[in-house]
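Visitor: Structure in structure tokens, see below.
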Amino acid sequence: MKNLLKVVLVFALAAGLTACKKNVKDDANADLTAGTGTEMVLEETEVVTEVPAQEVALGVVHFALDKYTLSADARKIVEANAQAIKSAASVANYTVTIEGNCDDRGTIAYNIALGQKRADEVKAYYVRMGIPAKNIQTVSYGEEKPVCYEATQSCWAQNRRADTLLKVN
Numbered sequence: 483m484k485n486l487l488k489v490v491l492v493f494a495l496a497a498g499l500t501a502c503k504k505n506v507k508d509d510a511n512a513d514l515t516a517g518t519g520t521e522m523v524l525e526e527t528e529v530v531t532e533v534p535a536q537e538v539a540l541g542v543v544h545f546a547l548d549k550y551t552l553s554a555d556a557r558k559i560v561e562a563n564a565q566a567i568k569s570a571a572s573v574a575n576y577t578v579t580i581e582g583n584c585d586d587r588g589t590i591a592y593n594i595a596l597g598q599k600r601a602d603e604v605k606a607y608y609v610r611m612g613i614p615a616k617n618i619q620t621v622s623y624g625e626e627k628p629v630c631y632e633a634t635q636s637c638w639a640q641n642r643r644a645d646t647l648l649k650v651n
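Take any residue in the sequence shown, count from 1 to its spot, add 482: that is its number in my numbering.
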């Protein structure tokens, strides 16, 4: 993940700089003092000093039905995500958004509350892993952002999740 972020940032910077490159013909033998009757025009070139923010989706954490506690597998995913976040933090400013999600069973209010508890639980684990709380925001979408639309156990399981988005500025 660290290498991916570096490659993306380097590519974006290189693309920005090459877009500014002018087609210049270098003639080492030209006599600059000779009057050729042509007029030389200099153009200003804008230099890109900021790379646009990049948002990367990290590992997805899944939850059991009506639960918001992290399983052992979920903790491993959050730990791997925390390492990626720390790598990004070493090269750029960043923010982390954790999106809590639920399946479509239950009331809207219940699912919004459960999604928020899931996002908060993941945030708390990131903080324990050394990610500053000030860089993390949480949001609950309840059942509003499903990744699967079938009314099956496996589909509902996919929707019971917390998505972590890393935005590198």
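Ideal Cβ positions, reconstructed from N, Cα and C, are used throughout, including at glycine. Computed from a prediction, not measured in an experiment: that's the story for all the values here.
Answer with buried or exposed for Tyr-608, where buried requires no fewer than 16 other C-beta atoms within 10 angstroms of its C-beta.
Guide: Tyr-608 should be labelled buried.
Visitor: Use the C-beta contact count for Val-650: other C-beta atoms within 10 angstroms, 16 or more gives buried, fewer gives exposed.
Guide: Looking at its Cβ environment, which holds 16 or more other Cβ atoms inside 10 Å, Val-650 is buried.
Visitor: Counting only the same chain and skipping the five closest in sequence on each side, list residues whose C-beta sits under 8 Å from that of Ala-546.
Guide: Ser-553, Arg-642, listed in sequence order.
Visitor: At which residue ranges does the segment 584–638 contain complete alpha helix (DSSP H) runs of 4 or more residues, listed in the order of the chain?
Guide: Here the runs fully enclosed are 590–610.
Visitor: Round the Cβ separation of Ala-644 and Gly-582 to the nearest angstrom and send it over; I've been treating them as touching at under 8 Å.
Guide: At roughly 5 Å, the Cβ-Cβ gap stays under 8 Å, so Ala-644 and Gly-582 are in contact.
Visitor: Measuring CB to CB, does Ala-556 end up less than 7 Å from Val-543?
Guide: A contact, by the Cβ cut-off of 7 Å.
Visitor: According to DSSP, Gln-536 sits in a beta bridge with which residue or residues?
Guide: According to DSSP, Gln-536 bridges with Val-650.
Visitor: Quick one: what's got a C-beta closer than 6 Å to Thr-577's C-beta in the same chain, skipping five residues either side?
Guide: Closer than 6 Å at the Cβ level, and outside the excluded window around Thr-577, lie Asn-617, Lys-649.
Visitor: Taking Lys-568 as the reference, which of Gln-640, Val-629, Arg-610, Pro-628 has the closest Cα?
Guide: Among Gln-640, Val-629, Arg-610, Pro-628, the Cα nearest to that of Lys-568 belongs to Arg-610.
Visitor: Measuring only the C-alpha atoms, how far is Val-490 from Ala-535?
Guide: With a pLDDT of 44 at Val-490, under the threshold of 50, the predicted position of this residue should be treated as unreliable, though the coordinate-derived value follows. Between Val-490 and Ala-535, the C-alpha separation is close to 11 Å.
Visitor: For the candidate residues Gly-624, Ala-639, Gly-612, whose alpha-carbon lies nearest to that of Ile-590?
Guide: Taking only the C-alpha atoms, the option nearest Ile-590 is Gly-624.
Visitor: Which residues mark the beginning and the end of the alpha helix (DSSP H) in which Ser-553 is found?
Guide: Counting along the chain, Ser-553 falls outside any alpha helix (DSSP H), and DSSP gives it neither H nor E.
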